[in-house]
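Remarks on the structure that follows.
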Amino acid sequence: MVEVTLWGSLGAIAGGKSKVEIEAKDIRELFRKLAEQYPGLEPYIDRGIAVAIDGTIYRDTWSKELPEGAEIFLLPRLAGG
Amino acid sequence: MNFDPRYSGRNFTSVGTRPIRPDGVDKVTGRARYGADFNMAGQLVGRVLRSPHAHATIRKIDTSKAEKLAGVKAVITAADLPDLTDGDAAMYDILDNCMARKKALYDGHAVAAVAAVDARTAKQALKLIEVDYEVLPHVTDVDEAMKHSAPLINDAIFTEGLEEKPVKPSNVTKRTQYGHGDIHEGFGQADFVVERSFKTEQTHQGYIEPHACVANVSSDGTADLWVCTQGHFVYRQHCAQLLGMEASKLRVTSSEIGGGFGGKTHVWAEPVALALSRKAGRPVKLVMTRDEVFRASGPTSATSIDVRIGARKDGTITAAEATLRYSCGPYAGMWAEIGAMTAFACYKLENVKTVGYEVLVNRPKTAAYRAPSAPMAAFAVESAVDELAKEIGMDPVEFRIRNAAQEGTRSSYGPVYGPIGIGPTLEAAKNHPHMKAPLGKNQGRGMACGFWFNFGGQTCTDLNIGMDGSVSLAVGTVDVGGSRASLSLVAAEELGIPYEQIKTVVADTSSLGYNDMTDGSRGTFSSSMATISAARNAIKILRERAAQMWDIPVDDVVWEEGHAIAKGATHGNLSPLSLKEIAAASGKTGGPIAGHSELVADGAGVSFATHICDIEVDPETGSTRVLRYTVVQDAGKAVHPTYVEGQYQGGAAQGIGWALNEEYIYGKDGRLQNPGFLDYRIPVCSDLPMIDTQILEIPNPNHPYGVRGVGETSIVPPLAAIANAVSNAAGVRMTHIPMSPPRILAAIEAERGG
Numbered sequence: 604m605v606e607v608t609l610w611g612s613l614g615a616i617a618g619g620k621s622k623v624e625i626e627a628k629d630i631r632e633l634f635r636k637l638a639e640q641y642p643g644l645e646p647y648i649d650r651g652i653a654v655a656i657d658g659t660i661y662r663d664t665w666s667k668e669l670p671e672g673a674e675i676f677l678l679p680r681l682a683g684g
Numbered sequence: 002m003n004f005d006p007r008y009s010g011r012n013f014t015s016v017g018t019r020p021i022r023p024d025g026v027d028k029v030t031g032r033a034r035y036g037a038d039f040n041m042a043g044q045l046v047g048r049v050l051r052s053p054h055a056h057a058t059i060r061k062i063d064t065s066k067a068e069k070l071a072g073v074k075a076v077i078t079a080a081d082l083p084d085l086t087d088g089d090a091a092m093y094d095i096l097d098n099c100m101a102r103k104k105a106l107y108d109g110h111a112v113a114a115v116a117a118v119d120a121r122t123a124k125q126a127l128k129l130i131e132v133d134y135e136v137l138p139h140v141t142d143v144d145e146a147m148k149h150s151a152p153l154i155n156d157a158i159f160t161e162g163l164e165e166k167p168v169k170p171s172n173v174t175k176r177t178q179y180g181h182g183d184i185h186e187g188f189g190q191a192d193f194v195v196e197r198s199f200k201t202e203q204t205h206q207g208y209i210e211p212h213a214c215v216a217n218v219s220s221d222g223t224a225d226l227w228v229c230t231q232g233h234f235v236y237r238q239h240c241a242q243l244l245g246m247e248a249s250k251l252r253v254t255s256s257e258i259g260g261g262f263g264g265k266t267h268v269w270a271e272p273v274a275l276a277l278s279r280k281a282g283r284p285v286k287l288v289m290t291r292d293e294v295f296r297a298s299g300p301t302s303a304t305s306i307d308v309r310i311g312a313r314k315d316g317t318i319t320a321a322e323a324t325l326r327y328s329c330g331p332y333a334g335m336w337a338e339i340g341a342m343t344a345f346a347c348y349k350l351e352n353v354k355t356v357g358y359e360v361l362v363n364r365p366k367t368a369a370y371r372a373p374s375a376p377m378a379a380f381a382v383e384s385a386v387d388e389l390a391k392e393i394g395m396d397p398v399e400f401r402i403r404n405a406a407q408e409g410t411r412s413s414y415g416p417v418y419g420p421i422g423i424g425p426t427l428e429a430a431k432n433h434p435h436m437k438a439p440l441g442k443n444q445g446r447g448m449a450c451g452f453w454f455n456f457g458g459q460t461c462t463d464l465n466i467g468m469d470g471s472v473s474l475a476v477g478t479v480d481v482g483g484s485r486a487s488l489s490l491v492a493a494e495e496l497g498i499p500y501e502q503i504k505t506v507v508a509d510t511s512s513l514g515y516n517d518m519t520d521g522s523r524g525t526f527s528s529s530m531a532t533i534s535a536a537r538n539a540i541k542i543l544r545e546r547a548a549q550m551w552d553i554p555v556d557d558v559v560w561e562e563g564h565a566i567a568k569g570a571t572h573g574n575l576s577p578l579s580l581k582e583i584a585a586a587s588g589k590t591g592g593p594i595a596g597h598s599e600l601v602a603d604g605a606g607v608s609f610a611t612h613i614c615d616i617e618v619d620p621e622t623g624s625t626r627v628l629r630y631t632v633v634q635d636a637g638k639a640v641h642p643t644y645v646e647g648q649y650q651g652g653a654a655q656g657i658g659w660a661l662n663e664e665y666i667y668g669k670d671g672r673l674q675n676p677g678f679l680d681y682r683i684p685v686c687s688d689l690p691m692i693d694t695q696i697l698e699i700p701n702p703n704h705p706y707g708v709r710g711v712g713e714t715s716i717v718p719p720l721a722a723i724a725n726a727v728s729n730a731a732g733v734r735m736t737h738i739p740m741s742p743p744r745i746l747a748a749i750e751a752e753r754g755g
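Here the protein sequences come in this chain order: R and X.
Here the first sequence is numbered in the numbering used here, starting from 604 and rising by one per residue.
Here the second sequence is numbered in the numbering used here, starting from 2 and rising by one per residue.
What follows is the structure, given as structure tokens:
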């Protein structure tokens, strides 16, 4: 079980929750279960969400494991120049 | 991804050296081929008709007279680019921006295009196209656009992110919020509070090479596009989607690039050129003029930012708050959101809140510009930080060191930081001789910090070993800042062979798997990771071939310094086999030798920089002169230090122009008044001092060599560092970028008058 922190706008879509607990071993499973439990999040996941694991931001590595006790933080997927 | 990206702490032979750039001779002799340098037999000239109005309904377009003109081979309007975006709102915006459909949304918005046998005929044809406009009220200022009385740019936009769903449409597309703690409590603990409002005007990336492409659509439905871009694979995806093509049928080749800085991450002319070619049945070259580049490509946002920061007497910040309003052009974006995320990222804050508003205006669609949105937020925050230090009576560097984020700090945008480099850049700045150099009359010193995220992304690389032992490295990230040299160094390091034995090229979209764009400071970070992986895969095959040649088990063969070595007592008398010897025998040991890699390079690691600037202000005219400039930034590991220094200097140079002179100036009619380099003044050599650099190397734990991206962070601190220097020199706080002579003079005179 990992605790996932949602950024402000995303939290509003997940019923006003800023943190949710999810049983997930990696980012792929996290997104799948988030979409199942909070269907409103699915378009945002499709558009692109980045996952910060202990401060390191992952944008595309959906196989990245979520270590027990790690800080998991969802962020919008940003553009660079 | 079967590749371990973790930092290994190795010693380097090639990486960290400074060989001559492989593209240098072609570039200084004029042989390098840029976007407009490619030609095809039977090629037509494309030209675009653009709206002269900032906001207008397009009632009707009559192209019949243009079509009848001798030499005109195709005329297109939005009808020739039907909506195939299937509900993808972002792609629809790109389509509408390439060719206006119902409304022209800014001065310069494309409304029609022609392809003709020569430029003269094409220009004549544009004059024959009759567009019936109904001119609408417009708004170009970000603050004006937020008012309830402002003309609505899109009546289908209802602000997202508000607690209560709005019932009326608005020019504000989205509100976002970041932060933690309780700012009211934090400000209650403050002994000093600084509160200021700031504005920055819209600027352009100012790349010297305009957008240019040659499109050729064949009658069998396949197509070629030669184009100047930061991401030819992304251009292929976007063009294919907009034109209803299969991506594999469109081959995109990237030319040399005369600057991009984020501005060449977006399609404008390319779908139009392809649509013209498809209709004409001939190749079409489309080159934007400088006027068109300014009016109709993608500048950065104009902004309006309020900042409030409170601190105790001991110099500890107790609360920080910012409201950021960013213009997006006429289409939704997330520019203010990025500003809201980056604004206070340098600091350790218990109570912080940032709110961003994305605002539609009748200006060109905002595009990324080098660490997009971060420089403006840093300008506002770092100006207020400097002022707060002064009020408390602390040295501005010491004040920042006291409040700098460190490992374990919760960032203002959310996550807790791992190992980061803001502290070391501040310490290096504090100890730099620049900080102690004396200043003269009317001279001021300023410093500022900056943050950027850095990204990785999808990356694919092929490493092919020729039968003579030379190595071809094919990469898919466009070389915007010297990555071909850097990646050759990385391949040389892994293979244990000389740099000169390797030739790196940027492959076209039909020759390599998909690659994300060169953006987010990712080019060398991502493609070096893929190159290391590809080289290691090639070494595995080289060992297998050597084992065959020796007839010994492959597990008894190791790779050292460019040679296969037979290990163990029984093979001790075998002479090492060089890469060249193994390559020469490859035809008899299994055929060509190559290493491939497809991976997602993630874990780029956030980046920090600290800049110091000395300025002299003429109090009689308001003119400025940059006397000295120093950049301190963490590179993780500088693969080719000269190129890293070039990125640091380039970001500072662009920042100096942005801070002191560059701005989009719109008339009351909503038309851009200065779409050319005579009136939009970027810095030239005589405006700049030699920009000093200091590279810090704090290894990125998520890259085998410790590499971090270096391309963008260097443009984040300059606006603030220069504003602090000018404010110190002029004796008045500057709050409006650019600090052009009239603005500085007005501020000095207002201060004297007050």
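We put the CB at the ideal spot given by N, CA and C, even for glycine.
With a threshold of 8 Å between beta carbons, is Glu-674(R) in contact with chain X?
yes
What do you get for Thr-230(X), buried or exposed, if any count of 16 or more other CB atoms within 10 angstroms of its CB means buried?
buried
Ala-281(X) to Asn-725(X) span [Cα, whole Å]:
56 Å
Taking the Cβ atom as the reference point for each residue, do Trp-659(X) and Pro-739(X) lie within a distance shorter than 8 Å?
The answer is yes: Cβ separation under 8 Å.
Just confirm the distance between the C-beta atoms of Gln-444(X) and Asp-615(X), as a whole number of angstroms; I'd bet it's less than 8 Å.
6 Å
Quick one: does Ile-339(X) have its CB under 8 Å from some CB of chain R?
yes
Closer than 7 Å, Cβ to any Cβ of chain X: which residues of the stretch 642-662 of chain R, in chain order?
Listed in sequence order: Ala-655, Asp-657, Gly-658, Thr-659, Ile-660, Tyr-661 and Arg-662.
If we define contact as Cβ-Cβ less than 8 Å, is Gly-713(X) a contact residue for chain R?
Looking at the sequence shown, residue 713(X) is not Gly but Glu. Yes, its Cβ sits closer than 8 Å to a Cβ of chain R.
Cβ of Ala-617(R) less than 8 Å from any chain X Cβ?
no
From the beta carbon of Ser-9(X), is the nearest beta carbon of chain R less than 8 Å away?
no
Give the DSSP bridge partners of Arg-626(X), in chain order.
Glu-617(X)
Starting from the Cα of Ala-539(X), find the closest Cα among Gly-497(X), Thr-160(X), Arg-485(X) and Phe-234(X) and give me that residue.
Gly-497(X)
Distance between beta carbons of Asp-557(X) and Ala-567(X), contact taken as under 8 Å:
Indeed, because the Cβ distance is near 6 Å, the residues count as touching under 8 Å.
Chain-ordered residues of the stretch 508-524 of chain X with a beta carbon less than 8 Å from chain R:
The residues in question are Asp-520, Gly-521, Ser-522 and Arg-523.
Quick test of the definition: if touching needs 3 or more C-beta pairs under 8 Å, does the stretch 263-273 of chain X touch the stretch 139-159 of chain X?
no
Contact residues within the stretch 595-617 of chain X, judged by C-beta distance below 8 Å to chain R:
Taking 8 Å as the cut-off between beta carbons, the residues of the stretch 595-617 of chain X near chain R are Val-601, Asp-603, Gly-604, Ala-605, Gly-606 and Val-607, in sequence order.
When you compare each of Ala-101(X), Glu-359(X), Ser-412(X) and Leu-490(X) to Phe-676(R) by their alpha carbons, which one comes out closest?
Ser-412(X)
Residue nearest to Ser-473(X) in terms of C-alpha spacing, selected from Trp-336(X), Ala-584(X) and Gly-25(X)
Ala-584(X)
Quick one: which chain X residues come within Cβ less than 9 Å of Pro-679(R)?
Thr-177, Met-335, Glu-338, Ile-339 and Met-342
Min CB distance Ala-270(X) to chain R below 8 Å
no
So is Arg-744(X) buried or exposed if we call it buried at 16+ other beta carbons inside 10 Å?
buried
Apart from the five residues on each side of it in sequence, which residues of its chain come closer than 7 Å, Cβ to Cβ, to Gly-422(X)?
Phe-609, Asp-635, Leu-697 and Ile-699
How would you label Glu-679(X), buried or exposed, when you count the other beta carbons within 10 angstroms and need 16 or more for buried?
Residue identity differs from the one stated: residue 679(X) is Leu in this sequence, not Glu. With fewer than 16 other Cβ atoms within 10 Å, it is exposed.
Just reading off the alpha helix (DSSP H) that Glu-383(X) is part of, what are its end residues?
375-393
Is it buried or exposed for Asp-603(X), if we count other Cβ within 10 angstroms and need 16 for buried?
buried
For a contact meaning CB atoms closer than 8 Å, what does Ala-627(R) contact in chain X?
Under the 8 Å cutoff, chain X gives no residues; its nearest Cβ is about 17 Å from Ala-627(R).
Grab me the residues of Thr-290(X)'s own chain with a C-beta within less than 8 Å of its C-beta, minus the 5 sequence neighbours each way, in chain order.
Pro-211
Around the C-beta of Gly-334(X), are 16 or more other C-beta atoms found within 10 angstroms, so that it is buried, or is it exposed?
Of the other Cβ atoms in all chains shown, 16 or more fall within 10 Å of the Cβ of Gly-334(X); this residue is therefore buried.
Contact check, Thr-86(X) vs Ala-191(X), beta carbons under 8 Å
Taking 8 Å as the cut-off, the Cβ atoms of Thr-86(X) and Ala-191(X) do not count as close.
Using a Cβ-Cβ cut-off of 6 Å (strictly less than) and excluding sequence neighbours within five positions of Ala-751(X), which residues of its own chain qualify?
none
Report yes or no: do three or more beta-carbon pairs, one from the stretch 375-395 of chain X and one from the stretch 623-632 of chain R, lie closer than 8 Å?
no
At least one CB of chain R closer than 8 Å to the CB of Gln-459(X): is that the case?
yes
For Met-448(X), name the three-state secondary structure that DSSP assigns.
strand
Whose C-alpha, out of Val-559(X), Ser-328(X) and Glu-351(X), is nearest the C-alpha of Gly-357(X)?
Ser-328(X)
Is the shortest distance between the beta-carbon of Arg-371(X) and the beta-carbons of chain R less than 8 Å?
yes
Going straight from the alpha carbon of Leu-464(X) to that of Pro-331(X), what length do you get?
Looking at the two C-alpha atoms, the distance is approximately 44 Å.
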